[in-house]
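**Q** Residue numbers (numbering that gives the first Met the number 0): 0 to 699.
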Amino acid sequence: MKRIVALAALVCLGCLIPVSSLGRVSRFGETVATGLASGSAPAEPPVLTSSNHLLDLLAIAEPSTITLADRHPVAWVFAMCRKAEEQNDNCPPGSHTFAPYGGIRLQLYPGDHLRIRLINRLPPAPADAIYAHGSDPMMNEMLAANPVNIHTHGLIVEPRKADASHPTWGDYIYALSYPAGKLPHMVSPDQTATDQPIQYDIYIPPGHPSGFYWFHPHVHGLNINQLSEGLSGIITIGRVTDYVSAPRGSAIPQRYFVLKDMQVMGNGQVIDQEDSTFCAPFDYVQVQRNGSCQGRNTSGSDGDLRPPPGALGVPRPGPGLHHPGSTGADYTGGLWFFTVNGQVYPQIPAPSGSGELWRILNAGASRTYDLVLRDDQTSALIPFQIVSLNGASLTTPAGTTAVGVRAAPTNAGGTVPCQGPATGSTPPVCATHLVMFPGARAEVWVTPQPHSATLLTEMVYTGPAGDRWPQANLAHIAAGQPAAIPPSLLLNVRPVPDVQPVAEAMLPALRPQSNGQGAPVHAELRAEPGCAALPHGHRRRIFFGVPSANPNAYGLGYEEVDQNDQPVPGTFRDIAAFDPSVTTVCLPLGPHKSPVTEEWELVNVSAEAHNFHIHQTQFYVLPQNAPPGDAGELMDNVALPNGGATCDGTVAKWRAGRCLVATVVVRIPFSQPGDFVYHCHIGEHQDSGMMEHIRVIASR
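1) By a C-beta neighbour count over all protein chains shown, 10 Å radius and 16 as the cutoff for buried, is residue 484 buried or exposed?
2) Quick one: is residue 79 buried, meaning 16 or more other Cβ sit within 10 Å of its Cβ, or exposed?
3) Just to check my reading of the structure: residue 259 and residue 338 have Cβ atoms closer than 8 Å, yes? What is that Cβ distance to the nearest angstrom?
4) Please report the straight-line C-alpha distance between residue 563 and residue 541, rounded to a whole angstrom.
5) For residue 485 and chain D, any beta-carbon pair shorter than 8 Å?
6) Can you name the start and end residues of the alpha helix (DSSP H) that residue 213 belongs to?
7) Which whole-angstrom value is the C-beta distance of residue 544 and residue 445, which I expect to be below 8 Å?
8) So, using beta-carbon positions, are residue 253 and residue 243 closer together than 8 Å?
9) Please list the terminal residues of the continuous beta strand (DSSP E) segment that includes residue 58.
10) Grab the span of the alpha helix (DSSP H) containing residue 141 for me, first residue to last.
11) Taking 8 Å as the threshold (C-beta atoms), are residue 220 and residue 142 in contact?
12) Considering only residues of the stretch 266 to 302, which uninterrupted beta strand (DSSP E) runs meet the minimum length of 3 residues and lie entirely inside it, listed in chain order?
13) In this structure, how does DSSP classify residue 160 when only helix, strand and coil are distinguished?
14) Between residue 102 and residue 231, is the Cβ-Cβ spacing less than 8 Å?
15) Expressed to the nearest angstrom, what Euclidean distance is found between the alpha-carbon atoms of residue 272 and residue 105?
16) Assign residue 568 to buried or exposed, taking buried as 16 or more other Cβ atoms, counted over all protein chains shown, within 10 Å of its Cβ.
17) Could you give the C-beta distance for residue 152 and residue 100, rounded to a whole number, given that I count them as a contact under 8 Å?
18) Note down, in chain order, each residue of its chain lying with its Cβ closer than 6 Å to the Cβ of residue 577, except the 5 sequence neighbours on either side.
19) Is it buried or exposed, residue 191, if we count other Cβ atoms within 10 angstroms and call 16 or more buried?
20) On the criterion of 16 or more Cβ atoms from any shown chain inside 10 Å, does residue 684 qualify as buried, or is it exposed?
21) Just curious, the beta strand (DSSP E) that residue 358 is in, first and last residue?
22) Return the chain-ordered list of same chain residues with a C-beta closer than 6 Å to the C-beta of residue 482, the five sequence neighbours on each side being excluded.
23) Have a look at 553, 376, 644 and 274 and flag the residue whose alpha-carbon is nearest the alpha-carbon of residue 127.
24) Distance, Cα to Cα, residue 137 vs residue 681?
25) Evaluate residue 432 with the Cβ neighbour count: other Cβ atoms within 10 Å of its Cβ, from every protein chain shown; 16 or more gives buried, anything less gives exposed.
26) Rounded to a whole number of angstroms, what is the C-alpha to C-alpha distance between residue 607 and residue 639?
27) Pull up the DSSP beta-bridge partners for residue 559, would you.
28) May I ask you to list the residues that DSSP assigns as paired with residue 329?
29) In the DSSP assignment, what are the bridge partners of residue 572?
30) Can we say the stretch 549 to 560 touches the stretch 652 to 660, given the rule of at least three CB pairs closer than 8 Å?
31) To the nearest angstrom, how far is it from the Cα of residue 383 to the Cα of residue 245?
32) Quick one: grab the DSSP three-state call for residue 610.
33) Note down the Cα distance separating residue 42 from residue 559, rounded to an integer number of angstroms.
34) Could you check what DSSP says for residue 652 in three-state terms: helix, strand or coil?
35) Which whole-angstrom value is the C-beta distance of residue 476 and residue 347, which I expect to be below 8 Å?
36) Determine the contact status of residue 390 and residue 334, defining contact as a CB-CB distance below 8 Å.
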């Protein structure tokens with residue numbers, strides 16, 4: 000953490016809607032929990048499912064008053080309905096419109112067409128949105144009115160830019176939707192602004208892998224604010240049974256969990272530029288953090304171990320004081336809520352039958368979670384099976400373990416033995432901890448336990464220059480009737496997906512749509528001077544650190560490395576903050592738009608953890624130096640370890656051997672032509688500049 004305003008984040012564990020009684024809906028060999036009565040357990044998210052390979056929606060980004068314990072803050076939500084039911088760009092009241100704070104689930108299948116008409120009815124950017132009220136006049140002008148857009152995180156789809164022949168958008172993050180009449184006078188030439196509805200036409204390739212994804216806004220400078228306020232939802236592709244099966248072919252009960260956190264002061268004000276020092280990192284003796292922690296006074300000192308006024312007891316001993324980075328604000332009287340599907344500390348029924356698949360999404364802005372299940376009677380940690388990570392079913396090649404899984408605080412790379420016999424060709428992977436950075440998803444198989452349990456997050460320390468994300472209890476899990484031999488799910492090893500770009504001939508004739516500013520035609524992506532394939536044996540090296548010109552910002556650096564691990568002269572670009580006009584990486588697809596695969600080396604030269612996410616594709620994490628390991632299939636989010644206090648965020652210290660950090664190598668297959676980005680998915684880091692522009696062209 001480098002900036003004056005500290006980090007914080009949401010975590011999303013798939014949304015649920017309240018219903019009157021416990022029940023389950025079965026389809027395609029899967030069952031989905033419908034939850035308990037409102038106030039007892041969170042229910043499933045409202046689901047909008049494609050029909051005849053089409054899901055056509057109206058989405059309205061708007062404010063919504065929600066209830067968190069005794070407080071009623073104003074959140075921001077995506078209100079959605081089917082386009083056939085909307086009236087004059089408004090969703091009808093009643094059961095045909097969904098606008099939960101926890102989010103909506105969009106159920107799609109390979110080969111589907113997702114159409115979304117997006118309308119912005121958000122209020123202006125709040126006063127604490129630092130990039131909307133900072134020293135850059137262009138950013139202030141562009142962000143003050145709170146523009147919004149939609150990114151389909153993890154989907155391998157085209158980032159298609161609207162043009163005269165196809166005047167609608169693919170998954171293109173440089174299109175900005177403003178409230179009607181709020182179009183700014185000054186817009187970066189690299190952005191396309193409109194105060195009219197934006198029409199998205201996103202085509203899911205027929206070979207797209209089934210899995211668990213999500214959608215959220217991607218406006219540079221407002222990511223942390225819009226995610227902190229609640230703007231996100233779930234996307235599921237295909238069926239769980241496409242990549243996993245239960246013993247003897249039984250059904251797979253599913254439950255979605257959406258963790259979202261919000262810092263709310265006593266007067267209802269939301270601190271959406273969240274501060275990780277809002278609460279102490281640990282709970283206090285005789286104080287239970289059930290779904291929230293108390294704000295404290297950080298003025299005058301960092302105060303990690305200082306209880307807020309009126310707190311009972313004393314803090315538990317911690318590893319030491321937090322790094323300098325508190326805002327110095329007085330949060331006394333505030334509460335930091337950690338919700339599950341929009342509910343504070345819900346009561347979750349015990350997994351039924353032989354077990355339940357929990358589909359977990361961290362849709363947060365900045366915070367990392369270390370999720371554990373703790374037995375309420377024995378305090379022992381309860382193992383669970385890791386089924387998938389970041390959209391990929393988990394297999395375990397020799398010598399590797401699961402990314403984001405650890406067995407105990409002292410063993411960041413280990414797993415624990417699974418209970419019961421190992422069946423099938425792919426052995427199950429079990430763990431007692433699940434570490435999830437922002438943007439991460441996981442699917443875990445949880446079996447009934449004889450005692451009640453607590454789902455909680457341990458305190459997460461992200462490094463000497465990082466944060467301590469506070470410990471908190473998230474949900475209470477009822478006791479169940481465990482089987483004599485707990486079963487494991489069987490994973491179906493999938494081949495590498497052959498996800499080709501959507502051919503332009505497949506795009507239907509789409510009606511004209513006002514886009515504010517004209518967009519260049521696709522011909523720009525067919526001929527790019529200097530855009531050449533990476534030579535055989537070469538790889539790209541990406542540095543995560545701090546710009547030397549601005550130590551309060553974040554940025555990325557770049558160089559090409561040859562087959563002898565030597566930097567290629569003339570390719571080095573020192574760490575700098577994001578500039579959308581600079582195309583750092585450009586590469587052509589193969590003949591007839593065939594996919595091209597590259598290797599990238601990720602080097603974190605700072606003293607805090609980051610994570611790597613790239614749009615429009617997924618990647619393999621190679622076993623060597625993985626932190627720790629490899630998911631065996633394509634994924635889209637990987638954590639990058641930090642090198643400790645000797646690292647200052649500069650490439651120079653790393654080259655001098657005074658910043659010792661294991662690098663992470665990923666193998667990336669590119670298949671979608673267009674302009675998109677790669678970045679750290681921690682909201683403050685991303686907004687502050689840890690992002691770069693990449694262009695993929697159709698051919699040389």
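Idealized CB from N, CA, C, for every residue including glycine.
**A** On the basis of the coordinates in this document:
1) Taking the sequence shown and counting its residues from 1, the one referred to as residue 484 is at position 485. Exposed is the call here.
2) Position 80 of the sequence shown, counted from the start, is the residue given in the question as residue 79. It is buried - the Cβ of residue 79 has at least 16 other Cβ atoms within 10 Å.
3) Position 260 of the sequence shown, counted from the first residue, corresponds to residue 259. Position 339 of the sequence shown, counted from the first residue, corresponds to residue 338. Confirmed, Cβ separation roughly 5 Å.
4) On the sequence shown, position 564 is the one that residue 563 refers to. On the sequence shown, position 542 is the one that residue 541 refers to. C-alpha separation (whole angstroms): 17 Å.
5) No chain D appears in the structure shown, which is made up of a single protein chain.
6) Within the sequence shown, the letter at position 214 stands for residue 213. Not the alpha helix (DSSP H): residue 213 falls in the beta strand (DSSP E), residues 210 to 215.
7) On the sequence shown, residue 544 is found 545 positions in, with the first residue counted as 1. On the sequence shown, residue 445 is found 446 positions in, with the first residue counted as 1. The pair is not a contact, with the Cβ atoms about 38 Å apart (cut-off 8 Å).
8) Here residue 253 refers to the residue found at position 254 when the sequence shown is read from its first residue. Here residue 243 refers to the residue found at position 244 when the sequence shown is read from its first residue. No, they are not a contact pair.
9) For this step, residue 58 is matched to residue 59 along the sequence shown. Residue 58 -> beta strand (DSSP E) spans 53 to 64.
10) Sequence index remark: in the sequence shown, residue 141 carries index 142 (1-based). 136 to 142 is the extent of the alpha helix (DSSP H) around residue 141.
11) If you number the sequence shown from 1, residue 142 lands on position 143. If you number the sequence shown from 1, residue 220 lands on position 221. Going by C-beta atoms, residue 142 is nearer than 8 Å to residue 220.
12) 291 to 293
13) Taking the first residue of the sequence shown as position 1, residue 160 is located at position 161. Here residue 160 sits in coil by DSSP.
14) Taking the sequence shown and counting its residues from 1, the one referred to as residue 102 is at position 103. Taking the sequence shown and counting its residues from 1, the one referred to as residue 231 is at position 232. Contact flag set, yes.
15) Position 273 of the sequence shown, counted from the first residue, corresponds to residue 272. Position 106 of the sequence shown, counted from the first residue, corresponds to residue 105. Straight-line Cα distance between these residues: approximately 28 Å.
16) Here residue 568 corresponds to residue number 569 of the sequence shown, with the count starting at 1. Result: exposed.
17) The residue given as residue 152 occupies position 153 in the sequence shown. The residue given as residue 100 occupies position 101 in the sequence shown. Not a contact, Cβ separation roughly 19 Å.
18) One-based indexing of the sequence shown puts residue 577 at position 578. Cβ neighbours of residue 577 beyond the five flanking positions: 688 and 690.
19) Within the sequence shown, the letter at position 192 stands for residue 191. Label assigned to residue 191: buried.
20) As a first step, residue 684 is located in the sequence shown; it is residue number 685 there, counting from the start. Buried: at least 16 other Cβ atoms inside 10 Å.
21) Looking up residue 358 in the sequence shown gives position 359. Counting along the chain, the beta strand (DSSP E) containing residue 358 begins and ends at 355 to 361.
22) Locating residue 482 in the sequence shown gives position 483, counting from the first residue. Contacts found: 353.
23) Residue numbering aside, residue 127 sits at position 128 when the sequence shown is read from its first letter. Residue 127 has its Cα closest to that of 274, out of 553, 376, 644 and 274.
24) Here residue 137 refers to the residue found at position 138 of the sequence shown. Here residue 681 refers to the residue found at position 682 of the sequence shown. Taking the straight line from one Cα to the other gives about 23 Å.
25) Sequence index remark: in the sequence shown, residue 432 carries index 433 (1-based). Residue 432 comes out buried.
26) Position 608 of the sequence shown, counting from 1, holds the residue named residue 607. Position 640 of the sequence shown, counting from 1, holds the residue named residue 639. Distance between the alpha carbons of residue 607 and residue 639: 9 Å.
27) Within the sequence shown, the letter at position 560 stands for residue 559. Its beta-bridge partners are 539.
28) Reading the sequence shown from its first residue, position 330 is the one you call residue 329. According to DSSP, residue 329 bridges with 296.
29) The residue given as residue 572 occupies position 573 in the sequence shown. Answer is 557.
30) no
31) Looking up residue 383 in the sequence shown gives position 384. Looking up residue 245 in the sequence shown gives position 246. Rounded to whole angstroms, residue 383 to residue 245 spans 15 Å at the Cα level.
32) For the purposes of this step, residue 610 is identified with residue 611 of the sequence shown, where counting begins at 1. Correct three-state label for residue 610: strand.
33) Residue numbering aside, residue 42 sits at position 43 when the sequence shown is read from its first letter. Residue numbering aside, residue 559 sits at position 560 when the sequence shown is read from its first letter. Straight-line Cα distance between these residues: approximately 49 Å.
34) Residue numbering aside, residue 652 sits at position 653 when the sequence shown is read from its first letter. DSSP places residue 652 in helix when its eight states are reduced to three.
35) Locating residue 476 in the sequence shown gives position 477, where the first residue counts as 1. Locating residue 347 in the sequence shown gives position 348, where the first residue counts as 1. Contact flag correct, Cβ pair sits at about 5 Å.
36) Residue numbering aside, residue 390 sits at position 391 when the sequence shown is read from its first letter. Residue numbering aside, residue 334 sits at position 335 when the sequence shown is read from its first letter. In this structure, residue 334 does not lie closer than 8 Å to residue 390 by Cβ.
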